[in-house]
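Undergrad: Let me give you the structure first, and then I'll get to my questions.
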């Protein structure tokens, strides 16, 4: 690595340290993930030298690993980190001449899945995932892998996947491990893709539950559909680039001397990736359809509610019309009676012998007239 690259990366490290942009989970003990005893500063989960597919040394420190790799012919180093400090990544980059852009991605993290080749070194970013049953959510991680001619460097920024299981499986198959760093990369990608299966099953179960909730008119289902759609979209972003990445590895395999058997393994992983991608795409369409159905049912329920309110309002209006009509009818005799009930001596009709019958007929006639008018207008 050139001095200019080193200075640039060191400036990046100093800038992150000054701004406090460390990993949000730096305080977690990496032993909770792999069970190994990490170094206090480098957070090395496992550090081993392999010859012919068999572990020949387990260096106690990074400098010892570097020295052992140099002094052991036909050897391969496999070093696993869990949220290492930035300075440690920089030291590893200087030792293995890693490209500054790849190192910067490994330091900053939050990268999309990809595979970039820098000379003889391949830099791969994977997005492992795991389904959390207790909260019914998908937890996404990030894994960076540097693959060189005689080394594999893994940088995990999350607990998943458990690469110690991958290492044990490879160590139990020395013939496969003897094929070198490309075989290790295959095993890691295979573990990540296999880890998607429980996530797919969990999402399928969540979608089934949402379908029941939608047709059961349970409250809060719209919010859950939205949250699950966000998880499916993020899962699709993690899985969609995998197929192109694996196909690129298969296409470039002859150039880098990858064994045909390993290529068959990669094709099998590609098939699994296709299956996962198709399932995730189907989930997204299913959630879209469920959202449409839910929106339709919500709109229908709102319309039914508005119809009921309208019916109630119309019924109230009819009652008000009847009450108003009878009030008007009863007001007529009340008005006549009030007028002739005033205590005045000088009134034209007060001493008329037909005054009383006239008042009765007047009140009855007005009431009958109003009744007929309101009846014709369907107020009564």
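Residue numbers (full-length UniProt numbering): 1 to 380. We treat Cβ as the ideally placed atom computed from N, Cα and C, and that holds for glycine.
(1) Taking residue 152 as the reference, which of 333, 267, 120 has the closest Cα?
(2) Looking at residue 160 and residue 130, is the spacing between their C-beta atoms short of 8 Å?
(3) Does DSSP classify residue 19 as helix, strand or coil?
(4) Can you tell me where the beta strand (DSSP E) holding residue 54 begins and where it ends?
(5) Apply the 10 Å Cβ neighbour rule to residue 61 and answer buried if 16 or more other Cβ atoms are within range, or exposed otherwise.
(6) Leaving out five residues on either side along the sequence, give the residues of the same chain with a beta carbon under 8 Å from the beta carbon of residue 195.
(7) Could you give the residue range of the alpha helix (DSSP H) that holds residue 75?
(8) Tell me the DSSP secondary structure of residue 375 in three-state form.
(9) Check this for me: beta carbons of residue 166 and residue 187, under 8 Å apart or not?
(10) Which residue marks the beginning of the beta strand (DSSP E) containing residue 288, and which one marks its end?
(11) Output yes or no for whether 8 Å exceeds the beta carbon distance between residue 72 and residue 51.
(12) Give me the Cα-Cα distance between residue 87 and residue 108, rounded to the nearest whole angstrom.
(13) Contact between the region 239-247 and the region 134-153: three or more CB pairs below 8 Å?
(14) Do residue 98 and residue 126 have their C-beta atoms within less than 8 Å of each other?
(15) By a C-beta neighbour count over all protein chains shown, 10 Å radius and 16 as the cutoff for buried, is residue 356 buried or exposed?
(16) Suppose the cutoff is 6 Å on Cβ atoms and the five residues either side in sequence are ignored; what does the same chain contact list for residue 259 look like?
(17) Would you kindly report the start and end of the unbroken beta strand (DSSP E) that includes residue 47?
(18) If we ignore side chains and look at the alpha-carbon of each, how far apart do residue 154 and residue 104 end up?
(19) Just curious, the alpha helix (DSSP H) that residue 166 is in, first and last residue?
(20) Based on the DSSP output, what are the partners of residue 137 in its beta bridges?
(21) Quick one: residues in its chain with C-beta nearer than 8 Å to the C-beta of residue 115, no 5 flanking neighbours on either side, listed in chain order?
(22) State the CB to CB distance for the pair residue 199 and residue 269, rounded to an integer number of angstroms; the pair is presumed to be in contact (CB under 8 Å).
(23) Any idea what DSSP makes of residue 450, helix, strand or coil?
(24) Return the CA-CA distance between residue 69 and residue 75, expressed in angstroms with no decimal places.
(25) How big is the Cα-Cα spacing for residue 360 and residue 338?
(26) Using the rule of at least 16 other Cβ atoms within 10 Å of the residue's Cβ for burial, across every protein chain shown, is residue 82 buried or exposed?
(27) Would you mind listing the beta strand (DSSP E) stretches within the region 206-253 that are 3+ residues and don't spill past its ends, in chain order?
(28) Given a threshold of 16 other Cβ atoms within 10 Å of its Cβ, counted over all protein chains shown, does residue 323 qualify as buried or as exposed?
(29) Using the C-alpha atoms, what's the distance from residue 215 back to residue 169?
(30) Report the rounded CA-to-CA distance for residue 273 versus residue 303, giving the unit in angstroms.
(31) From the DSSP output, read off the bridge partner residues of residue 154.
(32) Would you mind working out which of 171, 111, 110, 64 sits nearest residue 396, comparing C-alpha positions?
(33) To which residues of the same chain is residue 283 closer than 6 Å at the C-beta, ignoring the five residues directly before and after it?
(34) Excluding five sequence neighbours on each side, which residues of the same chain lie with their C-beta closer than 6 Å to the C-beta of residue 201?
(35) Go ahead and label residue 100 buried or exposed: buried means 16 or more other beta carbons lie within 10 angstroms of its beta carbon, across all protein chains shown.
TA: With the given structure in hand:
(1) Within the chain shown, residue 152 is the residue found at index 152, counting from 1. Comparing alpha carbon positions, the residue from 333, 267, 120 closest to residue 152 is 120.
(2) Here residue 130 refers to the residue found at position 130 when the chain shown is read from its first residue. Here residue 160 refers to the residue found at position 160 when the chain shown is read from its first residue. Yes. Within cutoff.
(3) Taking the first residue of the chain shown as position 1, residue 19 is located at position 19. Legend: pLDDT at residue 19 = 49, less than 50; position of this residue unreliable, value from coordinates given subsequently. In the displayed model, residue 19 falls within a helix according to three-state DSSP.
(4) As a working mapping, residue 54 is identified with position 54 in the chain shown. Unbroken beta strand (DSSP E) run through residue 54: 54-57.
(5) Counted from its first residue, the chain shown places residue 61 at position 61. It is exposed - the Cβ of residue 61 has fewer than 16 other Cβ atoms within 10 Å.
(6) For the purposes of this step, residue 195 is taken as the residue at position 195 of the chain shown. Closer than 8 Å at the Cβ level, and outside the excluded window around residue 195, lie 128, 129, 130, 160, 161.
(7) As a position in the chain shown, residue 75 is number 75, starting the count at 1. Segment 75-82 is the beta strand (DSSP E) holding residue 75; no alpha helix (DSSP H) there.
(8) Within the chain shown, the letter at position 375 stands for residue 375. Three-state result, residue 375: helix.
(9) On the chain shown, residue 166 is found 166 positions in, with the first residue counted as 1. On the chain shown, residue 187 is found 187 positions in, with the first residue counted as 1. The answer is yes: Cβ separation under 8 Å.
(10) Here residue 288 is taken as the residue at index 288 of the chain shown, counted from 1. First-last for residue 288: 260-340, but that is the alpha helix (DSSP H), not the beta strand (DSSP E).
(11) Stepping through the chain shown from its first residue, residue 72 is reached at position 72. Stepping through the chain shown from its first residue, residue 51 is reached at position 51. Between residue 72 and residue 51, the C-beta gap is smaller than 8 Å, which places the two residues in contact.
(12) On the chain shown, residue 87 is found 87 positions in, with the first residue counted as 1. On the chain shown, residue 108 is found 108 positions in, with the first residue counted as 1. Between residue 87 and residue 108, the C-alpha separation is close to 12 Å.
(13) The region 239-247, when compared against the region 134-153, does not touch it at the 8 Å Cβ threshold.
(14) Counted from its first residue, the chain shown places residue 98 at position 98. Counted from its first residue, the chain shown places residue 126 at position 126. No.
(15) Walking along the chain shown from the start, residue 356 turns up at place 356. Answer is exposed; the Cβ neighbour count stays below 16.
(16) Counting from one through the chain shown, the residue named residue 259 turns up at place 259. Non-local beta-carbon contacts of residue 259 in its own chain, meaning distances under 6 Å to residues more than five positions away in sequence, involve 179 in chain order.
(17) Mapped onto the chain shown, residue 47 falls at position 47. 44-51 is the span of the beta strand (DSSP E), which, as asked, contains residue 47.
(18) Looking up residue 154 in the chain shown gives position 154. Looking up residue 104 in the chain shown gives position 104. Rounded to whole angstroms, the separation of the alpha carbons of residue 104 and residue 154 is 15 Å.
(19) Start at 1 with the first residue of the chain shown, and residue 166 comes out as number 166. Taken as a continuous stretch (DSSP letters only), the alpha helix (DSSP H) holding residue 166 covers 163-171.
(20) As a working mapping, residue 137 is identified with position 137 in the chain shown. Partner(s): 132.
(21) Your numbering for residue 115 matches position 115 in the chain shown. These residues qualify, in order along the chain: 122, 123, 124, 125, 245, 248, 249.
(22) Position 199 of the chain shown, counted from the start, is the residue given in the question as residue 199. Position 269 of the chain shown, counted from the start, is the residue given in the question as residue 269. About 16 Å separates the CB atoms of residue 199 and residue 269; that is not less than 8 Å, and the two are not in contact.
(23) With the chain covering only 1 through 380, there is no way to say anything about residue 450.
(24) To locate residue 69, count along the chain shown from 1; it is residue 69. To locate residue 75, count along the chain shown from 1; it is residue 75. Looking at the two C-alpha atoms, the distance is approximately 6 Å.
(25) Sequence index remark: in the chain shown, residue 360 carries index 360 (1-based). Sequence index remark: in the chain shown, residue 338 carries index 338 (1-based). The straight-line gap from Cα to Cα measures roughly 13 Å.
(26) Counting from 1 along the chain shown, the entry for residue 82 is found at position 82. Buried, because 16 or more other Cβ atoms sit within 10 Å of the Cβ of residue 82.
(27) With a minimum length of 3 residues, no continuous beta strand (DSSP E) run stays inside the region 206-253.
(28) Translated into positions along the chain shown, residue 323 becomes position 323. Label assigned to residue 323: exposed.
(29) Locating residue 169 in the chain shown gives position 169, where the first residue counts as 1. Locating residue 215 in the chain shown gives position 215, where the first residue counts as 1. Straight-line Cα distance between these residues: approximately 46 Å.
(30) Against the chain shown, residue 273 aligns to sequence position 273. Against the chain shown, residue 303 aligns to sequence position 303. Roughly 45 Å separates the two Cα atoms.
(31) Locating residue 154 in the chain shown gives position 154, where the first residue counts as 1. 80, 145.
(32) Residue numbering for the chain in the displayed model covers 1 to 380; residue 396 lies beyond these limits and cannot be assessed.
(33) Along the chain shown, read from residue 1 onward, the residue named residue 283 stands at position 283. Excluding residues up to 5 positions away in sequence, 203, 232 lie with their Cβ nearer than 6 Å to the Cβ of residue 283 in the same chain.
(34) One-based indexing of the chain shown puts residue 201 at position 201. Residues of the same chain with their beta carbon placed closer than 6 Å to that of residue 201 are lacking, with the five preceding and five following residues left out of the count.
(35) Your numbering for residue 100 matches position 100 in the chain shown. Per the 10 Å Cβ criterion, buried.
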